[in-house]
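Since the structure comes first, as structure tokens, the remarks are kept for the end.
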Amino acid sequence: DAGVTQSPTHLIKTRGQQVTLRCSPKSGHDTVSWYQQALGQGPQFIFQYYEEEERQRGNFPDRFSGHQFPNYSSELNVNALLLGDSALYLCASSGEKNYGYTFGSGTRLTVV
Amino acid sequence: TQLLEQSPQFLSIQEGENLTVYCNSSSVFSSLQWYRQEPGEGPVLLVTVVTGGEVKKLKRLTFQFGDARKDSSLHITAAQPGDTGLYLCAVNFGNEKLTFGTGTRLTIIP
Numbered sequence: 004d005a006g007v008t009q010s011p012t013h014l015i016k017t018r019g020q021q022v023t024l025r026c027s028p029k030s031g032h033d034t035v036s037w038y039q040q041a042l043g044q045g046p047q048f049i050f051q052y053y054e055e056e057e058r059q060r061g062n063f064p065d066r067f068s069g070h071q072f073p074n075y076s077s078e079l080n081v082n083a084l085l086l087g088d089s090a091l092y093l094c095a096s097s098g099e100k101n102y103g104y105t106f107g108s109g110t111r112l113t114v115v
Numbered sequence: 004t005q006l007l008e009q010s011p012q013f014l015s016i017q018e019g020e021n022l023t024v025y026c027n028s029s030s031v032f033s034s035l036q037w038y039r040q041e042p043g044e045g046p047v048l049l050v051t052v053v054t055g056g057e058v059k060k061l062k063r064l065t066f067q068f069g070d071a072r073k074d075s076s077l078h079i080t081a082a083q084p085g086d087t088g089l090y091l092c093a094v095n096f097g098n099e100k101l102t103f104g105t106g107t108r109l110t111i112i113p
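In order, the protein sequence lines correspond to chains R and A.
So the mapping is simple: the working numbering equals the position in the first sequence, first residue as 1, plus 3.
So the mapping is simple: the working numbering equals the position in the second sequence, first residue as 1, plus 3.
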């Protein structure tokens, strides 16, 4: 039973570029959340998708956008990359309220 | 202002020792989760506590939810190098958004 799959695992981009990160949720899960984790800190909520719509959004600028597809997979897009966007980007899927999420291993994004 | 404060921020102890880490807030939670995250990996759920005063055990790990459901603790008995990692508490206020604490980075020295 595959868990949450994220791609790519590592990525290096130049400041000002755009990036797309991908996530396939755990089988049976229909909700996908994205988190940004800076080095040494806890994950920060970016947004959550359910039924192909953004249901919740954290305190992130509009440069961060996303999409969910009919098969529940999701993409995170970041435009006009800044050096401060360098972080581990985590995708988590869930299927029930108030229970733990299943996280992927993340995409390590480095902006130079 | 952090909603969930974890302490200590860093902890380094010898193998075989016992330790306790804490997760505190001024807010009341309907439930709380503990995760462990190893380098290069995503957080892995350890336990969910939902009842005030609840105690759950997972092998050498004991989790307690405060009576007022504002705080929680994680106690590890006879720590082993495999316990090394970042321990995160997290809460869901019913709005589907999981909010994480500041984390405790634990290192067990062989």
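Where is the CB? At the ideal position from N, CA and C, for every residue including glycine.
Bear in mind the structure is a predicted one, so any value in this text is a computation, not a measurement.
Taking buried to mean at least 16 other C-beta atoms within 10 Å of its own C-beta, is arginine 63 of chain A buried or exposed?
Around the beta carbon of arginine 63 of chain A, a 10 Å sphere encloses fewer than 16 other beta carbons of the protein chains shown; the residue is thus reported as exposed.
Taking the C-alpha atoms as reference points, what is the distance between threonine 23 of chain A and tyrosine 53 of chain R?
37 Å
Using 10 angstroms around the beta-carbon of isoleucine 112 of chain A, count the other beta-carbons present and answer buried if the total reaches 16, otherwise exposed.
Counting C-beta atoms within 10 angstroms of its own C-beta, isoleucine 112 of chain A has fewer than 16 neighbours from the protein chains shown and is therefore classed as exposed.
If the cut is a Cβ gap below 8 Å, which residues of chain R does threonine 102 of chain A touch?
Chain R residues near threonine 102 of chain A: Phe48.
Starting from glycine 69 of chain R, follow its DSSP beta bridges and name the residues at the other end.
R:Leu79
Three Cβ pairs or more, each shorter than 8 Å: is that satisfied between the stretch 61 to 73 of chain R and the stretch 89 to 98 of chain R?
Of all C-beta pairs linking the stretch 61 to 73 of chain R to the stretch 89 to 98 of chain R, fewer than three are shorter than 8 Å, placing the two stretches out of contact.
Closest to glycine 85 of chain A by C-alpha separation, out of A:Lys60, A:Gly69, A:Ser34, A:Gly19, would be which residue?
The residue with the shortest Cα to Cα distance from glycine 85 of chain A is A:Gly19.
With distances taken between CB atoms, is the gap from alanine 90 of chain R to leucine 112 of chain R smaller than 8 Å?
In this structure, the beta-carbon distance from alanine 90 of chain R to leucine 112 of chain R falls below 8 Å.
Using a Cβ-Cβ distance under 8 Å, would glycine 106 of chain A count as near chain R?
yes
Please compile the residues from chain A whose C-beta is within a distance smaller than 7 Å of the C-beta of leucine 93 of chain R.
Gly45
So which residues of chain R does leucine 91 of chain A contact, with C-beta pairs closer than 7 Å?
Within 7 Å Cβ-Cβ: Gly45.
Taking the beta strand (DSSP E) that histidine 13 of chain R belongs to, which residues open and close that run?
Residue range 13 to 16 is occupied by the beta strand (DSSP E) that includes histidine 13 of chain R.
If distances are taken between C-alpha atoms only, which option among A:Cys26, A:Tyr25, A:Gln40, A:Ser10 comes closest to threonine 105 of chain R?
A:Gln40
Label arginine 72 of chain A either buried or exposed according to how many other C-beta atoms from any shown protein chain fall within 10 Å of its C-beta, with 16 as the threshold for buried.
buried
Determine the chain A residues that contact glycine 109 of chain R at a beta-carbon separation under 7 Å, and present them in chain order.
Gly45
In terms of residue numbering, what span does the beta strand (DSSP E) encompassing arginine 58 of chain R cover?
Annotation: the continuous beta strand (DSSP E) that includes arginine 58 of chain R extends over 56 to 60.
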